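Each residue of the sequence shown is one higher than the last, beginning at 1144 in this note's numbering.
Below: one structure, written as structure tokens.
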Amino acid sequence: MTTTKTTEHLACRTDAPAWYPTQVGRKVELRRTGTDEVLMAIYPPAAWGDAWGWNLIDGGVVVERTADDEVAGKDACPGCGERRQDNLIWQDDGETVKCTTCGKQYTPPTQ
Ligand SMILES: [Zn+2]
């Protein structure tokens, strides 16, 4: 049995790299060029609210929180008390947060 590997490339339909603001409950879809088949959909954490944007950088989709503020006190890192959202990173499971200040991984009570 032979397995054929194909290489696919991301195509950006926009003229220039830019940040695109999106809203809570919406998603970014990766579609196959030509067929528009949806290959993957990216859903930022609901806790980010409306404060996020996406961009294509170096062939990858980058989703970032665009507001620079702090989480509620009860959602702060239990290890060191970090509250800056830039230093509290949602993990791929969508339930736990990793603190980049002290390395602690935890589940915030508010989602
Ligand atoms: Zn911490």
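Every residue gets a Cβ at the ideal spot worked out from N, C-alpha and C, and that includes glycine.
Here the structure is a predicted model, which means the values were calculated and not measured.
Where does residue i sit, in a helix, a strand or coil, going by DSSP?
i, result
"T1146", "Low per-residue confidence applies at T1146: pLDDT is 49, beneath 50, and the placement is therefore not dependable, though the value from the model is reported in the following sentence. Here T1146 sits in coil by DSSP."
"K1241", "strand"
"W1197", "strand"
"A1159", "With a pLDDT of only 48 at A1159, under 50, the local geometry of the prediction cannot be trusted, and no value is derived from it."
"A1184", "strand"
"Q1166", "coil"
"Q1234", "coil"
"P1251", "coil"
Leaving out five residues on either side along the sequence, give the residues of the same chain with a beta carbon under 8 angstroms from the beta carbon of residue i.
i, result
"V1204", "L1153, V1171, L1173, I1185, W1197 and N1198"
"T1146", "Low confidence applies here, because T1146 scores a pLDDT of 49, under 50, leaving its location unreliable and the question unanswered by this model."
Does the Cβ-Cβ distance between residue i and residue j come in under 8 angstroms?
i, j, result
"A1194", "R1208", "yes"
"V1206", "Q1228", "no"
Apart from the five residues just before and just after residue i, which ones in its own chain have a Cβ nearer than 7 angstroms to its Cβ?
i, result
"V1167", "A1189, G1192 and D1193"
"W1233", "P1188 and V1240"
"L1182", "L1173, R1174 and R1175"
Whose C-beta lies closer than 6 angstroms to the C-beta of residue i among residues of the same chain, with five residues either side of it excluded?
i, result
"T1244", "C1223, E1225 and N1230"
"K1247", "C1220 and G1222"
- prompt: What is the chain-ordered set of residues for which the beta carbon lies under 5 angstroms from any non-hydrogen atom of ligand 1?
  reply: C1220, G1222, C1223, E1225, C1242, T1244, C1245 and K1247
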